[in-house]
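Residue numbers (my numbering), protein chains in the order written: chain A, 5 to 502; chain B, 21 to 506.
Glycine is no exception: its CB is placed at the ideal position from the N, C-alpha and C atoms.
On a predicted model such as this, the values are computed, not experimentally measured, just so you know.
The next block holds one structure in the form of structure tokens; read it before the comments.
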């Protein structure tokens with residue numbers, strides 16, 4: 005367990021487990037000590053398939069906008085929709101995208117042109133709406149990808165799809181795969197951290213589950229640690245009243261001794277995980293309070309993130325935490341901001357949502373950049389699907405709602421390895437489907453790679469490529485076959501790489 | 021009277037020779053005697069200084085007397101007899117030491133002979149002076165005596181302290197040429213780091229010393245620990261290689277730092293060469309599997325090959341070579357990991373470039389910590405010392421990290437002086453010094469970094485004009501932060 009390669013450690017443990025499965029229990033004692041040496045399994049600890057290409061980023065910050073932000077009102081300007089405002093969609097487009105149970109009862113599907121103003125910003129002339137002035141200010145740092153698509157139509161499968169590569173839960177999340185493949189750069193903090201925030205969105209918005217940052221069938225030491233929005237950032241970390249840290253350490257050492265003895269006897273990798281988790285928890289007792297104490301931040305930095313930065317559980321606070329986590333070598337940080345699911349009263353609600361995230365997101369990019377961290381950090385912003393061009397519910401002059409739309413949506417990326425100041429991909433004039441550069445419709449299908457469209461798996465493959473991992477090679481055997489994050493799909497999108 | 025003196029002198033000599041060579045005459049020394057012999061013999065280094073001082077005094081006397089007639093000595097009987105007696109006692113004690121068997125080898129033999137010859141001369145001198153009173157013969161004898169003394173004493177000094185001329189400043193540069201002595205420059209450092217703590221001058225576990233070839237040949241109660249040319253009979257390497265780690269006789273013991281596989285290969289190779297003391301690397305044929313390990317001793321480190329079109333066999337060979345080099349480097353990294361876990365990783369699998377981060381340690385990472393990275397310094401391509409406490413240590417470390425491309429020194433206590441070593445690093449592409457006390461004084465230095473692509477200056481003391489100056493001199497460099505922005 006000496007090197008920083010969890011893949012190697014894991015394979016060693018895995019092989020030992022199978023070894024014992026086949027032999028009598030009595031063998032256990034002579035196991036890990038001398039006989040089962042590195043030589044025996046050295047051939048199995050095969051060539052590392054990671055990092056065939058030098059990684060262009062060492063950390064990922066995933067700003068996940070839970071609920072599905074409306075691309076029509078934020079990034080994908082469709083003047084035609086404003087022109088044809090109110091006209092039925094079915095008169096202009098053949099509906100190939102299935103609609104949700106919520107819209108299926110509608111008699112009309114009126115086009116809803118956005119009520120917000122779009123302008124071109126920066127040298128890159130990126131089109132961004134008035135709702136996001138700060139992000140518009142960093143338009144030259146980001147790469148806006150407009151041709152994302154997915155198959156999932158509802159929130160839970162869609163978010164699960166983005167995080168784990170499958171709509172059905174049970175698989176490891178992206179952060180866990182990275183943690184498994186690349187290991188940690190800081191022994192005092194977890195490799196994978198996630199934080200959830202709520203803003204002005206309605207309180208009973210779409211829930212999020214802990215399995216979204218879980219380790220699935222990977223050993224649980226790779227699962228993400230959620231930092232709580234209120235109270236102690238990590239539950240059960242503080243020592244109870246009266247318990248000295250030295251006494252705690254003594255206790256943990258004794259527990260570790262027992263666990264190690266059992267591990268020697270049994271070879272169960274979960275014991276190893278438990279030992280590791282205890283060690284990490286002990287270290288986190290000092291590192292987490294230091295991390296979440298913002299008193300060492302200069303005022304002008306805090307101001308950059310906006311007024312919410314002091315409120316625990318806000319997006320702004322989580323953003324500055326994300327920057328601090330990257331400074332401390334935490335590989336994968338995921339932020340979830342809830343409340344984007346605007347089925348009704350979108351123009352009113354989205355203003356509040358954007359106010360929540362606009363300034364902090366831009367501040368995060370600026371802060372990372374001035375500290376020289378943006379070169380090494382990949383920042384991704386986006387939701388689990390897009391929203392419809394038609395209005396869900398009644399369309400009025402000032403109000404409309406939008407339903408879920410997986411066929412095309414927008415995400416933006418910035419940082420290590422991404423070409424800044426560009427827009428990638430385009431959708432048709434109605435914002436209904438993806439088209440190529442000449443305007444011809446592209447009917448993407450995840451089973452066949454489509455160069456002009458970016459599927460969820462393609463994005464995952466690209467993220468892994470930027471981190472130095474070949475997505476086809478980072479696998480884990482479970483239930484008798486090899487699994488990988490991108491399942492049997494996914495291709496790296498070279499067009500957005502610098 | 022004279023006759024009595026002479027007889028007693030001869031008897032004394034005979035007695036001491038008898039006792040001195042008692043072991044050779046008796047056979048092996050009995051156990052209890054060994055301890056006594058060690059104790060008594062340990063006064064040899066004390067006593068021998070007396071005849072040395074005395075002989076030199078006699079020489080000085082003669083020279084001054086030769087130059088200034090008034091100072092010519094008239095009665096040198098007392099110092100001469102003092103010289104003879106102390107020399108005799110020193111020789112006696114030295115022979116006692118020799119009997120313990122703990123000292124063997126060519127050096128010891130030559131010192132023994134020199135010392136005995138000198139003692140004979142020391143006894144001869146008073147005879148010449150008192151009985152024959154021939155000034156010329158006396159002076160010649162004295163001269164020969166001094167020569168013998170120098171030779172014998174030098175050998176004696178070498179036994180205890182090593183060759184003093186080794187430490188001479190002029191010699192030092194000569195030593196750093198790329199032709200190391202296999203024993204002293206390759207084998208000894210290994211033994212020093214892994215064995216000497218229990219098997220050298222200060223401690224002799226099981227009566228075994230490993231700090232000279234002579235000692236290793238003498239071995240312990242089971243005999244020699246090395247058999248030249250025969251590694252399968254040399255316990256030195258057998259105990260390292262073939263015993264399981266928890267075996268009582270496995271060396272080094274389980275709880276001590278272990279001999280690494282490449283170190284073991286080197287030791288075995290040396291034994292196979294006959295355990296030579298004076299054989300040099302460049303004159304020796306190096307087996308192919310040791311080429312890579314020995315590269316680091318030769319001072320030439322080829323890190324990456326030039327990209328060229330290669331066929332499959334070449335590619336395969338290169339891959340294998342890379343794997344071997346990686347193993348050697350892995351050993352060094354593992355040593356660093358013991359103190360600084362999770363701080364080093366390979367950037368990718370195609371070469372040996374390393375990324376080092378002090379993120380886990382921040383303020384606990386100091387200049388001393390930086391020194392511990394020296395073994396891997398020239399493999400480091402990206403150095404992240406943000407938030408650490410390094411400052412002056414950079415002057416020693418940076419010249420060794422001559423291939424580094426990205427240096428991060430944000431939030432460190434560095435000053436303008438500490439940045440100076442960076443000027444020599446041509447490979448530097450990205451430099452991050454945000455939130456440090458660097459001022460306009462460093463502008464000169466920064467403009468020398470001609471290959472710089474990105475420079476982070478946020479929250480430093482460099483002025484807006486300063487930034488302009490740097491940008492002018494480095495037009496291709498992107499300067500981020502600094503007082504031109506808020």
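Quick one: list the residues of chain B neighbouring residue i, beta-carbon separation under 9 Å, in chain order.
i, result
"residue 332/A", "379, 380, 382, 407"
Between residue i and the rest of its own chain, which residues show a CB-CB distance below 8 Å, the 5 nearest in sequence each way excluded?
i, result
"residue 440/B", "415, 465"
"residue 456/A", "151, 429, 438, 439, 440, 441, 446, 448"
"residue 100/B", "78, 145, 146, 149, 150"
"residue 26/A", "Bear in mind that a pLDDT of 40 at residue 26/A, under 50, signals an unreliable position, so the number given afterwards is only what the model happens to contain. Nothing listed; no residue qualifies."
By the 10 Å Cβ neighbour count, where 16 or more other Cβ atoms means buried, how is residue i classified, buried or exposed?
i, result
"residue 503/A", "Residue 503/A lies beyond the stretch modelled for chain A, which goes from 5 to 502, so this question has no answer here."
"residue 176/B", "buried"
"residue 402/A", "exposed"
"residue 86/B", "exposed"
"residue 246/A", "exposed"
"residue 242/A", "exposed"
"residue 191/A", "buried"
"residue 299/A", "exposed"
"residue 214/B", "buried"
"residue 27/B", "exposed"
"residue 375/A", "buried"
"residue 344/A", "buried"
"residue 5/A", "Reliability fails at residue 5/A, whose pLDDT of 39 lies under 50, so the model's placement of it is uncertain and no value is given."
"residue 244/A", "exposed"
"residue 91/B", "exposed"
"residue 454/B", "buried"
"residue 343/B", "exposed"
"residue 405/B", "buried"
"residue 276/A", "buried"
Going along the chain, which residues of its own chain have a beta-carbon closer than 7 Å to the beta-carbon of residue i, five neighbours each way excluded?
i, result
"residue 345/B", "312, 372"
"residue 214/A", "230"
"residue 181/A", "478, 489"
"residue 152/B", "none"
"residue 72/B", "169, 173"
"residue 362/B", "380"
"residue 281/A", "225"
"residue 445/B", "418, 422, 424"
"residue 197/A", "228, 229, 231, 329, 334, 337"
In chain order, what residues of the same chain have a beta carbon less than 6 Å from the beta carbon of residue i, not counting five sequence neighbours either side?
i, result
"residue 134/A", "120, 121"
"residue 418/A", "145, 146, 369, 383"
"residue 358/B", "none"
"residue 318/A", "201, 312"
"residue 356/A", "204"
"residue 586/A", "Since the first and last residues shown for chain A are 5 and 502, residue 586/A lies out of range."
Which bits of chain A does residue i rub up against, with CB to CB less than 7 Å?
i, result
"residue 452/B", "376"
"residue 501/B", "374"
Using a cut-off of 9 Å between C-beta atoms, extract the partners of residue i located in chain A.
i, result
"residue 362/B", "8, 187, 188, 189, 190, 191, 333"
Give the interface partners of residue i over in chain B, defined as CB-CB distance under 7 Å, in chain order.
i, result
"residue 472/A", "368"
Report the neighbours of residue i on chain B: residues whose CB is nearer than 8 Å to its CB, in chain order.
i, result
"residue 238/A", "The contacting residues do not exist; residue 238/A stays about 18 Å from chain B at best."
"residue 57/A", "368"
For residue i, decide whether its Cβ has a neighbour in chain E, counting only Cβ atoms nearer than 8 Å.
i, result
"residue 463/B", "This model lacks chain E altogether, as its protein chains are A and B."
Ordered list of beta strand (DSSP E) runs contained in the segment 138-190 of chain A, each at least 3 residues:
146-153
Report the start-end ranges of each alpha helix (DSSP H) in the segment 284-366 of chain A that is 4 residues or longer and not cut off at the edges.
303-308, 319-331
Which whole runs of the alpha helix (DSSP H) in the segment 236-261 of chain B are 4 residues long or more, in chain order?
255-261
Please identify, using Cβ separations under 7 Å, the residues of the segment 416-440 of chain B that lie next to chain A, in order along the chain.
428, 430
Sequence ranges, beta strand (DSSP E) only - wholly within the segment 419-462 of chain B, length at least 3
426-428, 450-452
Which runs of the beta strand (DSSP E) spanning at least 3 residues fall entirely within the segment 199-237 of chain A, listed in chain order?
229-231
Residues from the segment 464-477 of chain B in contact with chain A, defined by Cβ distance under 8 Å:
474, 476
Runs of alpha helix (DSSP H) wholly within the segment 51-119 of chain B (minimum 4 residues, chain order)
Listed in chain order, the alpha helix (DSSP H) elements of length 4 or more contained wholly in the segment 51-119 of chain B are 51-61, 64-67, 69-87, 97-119.
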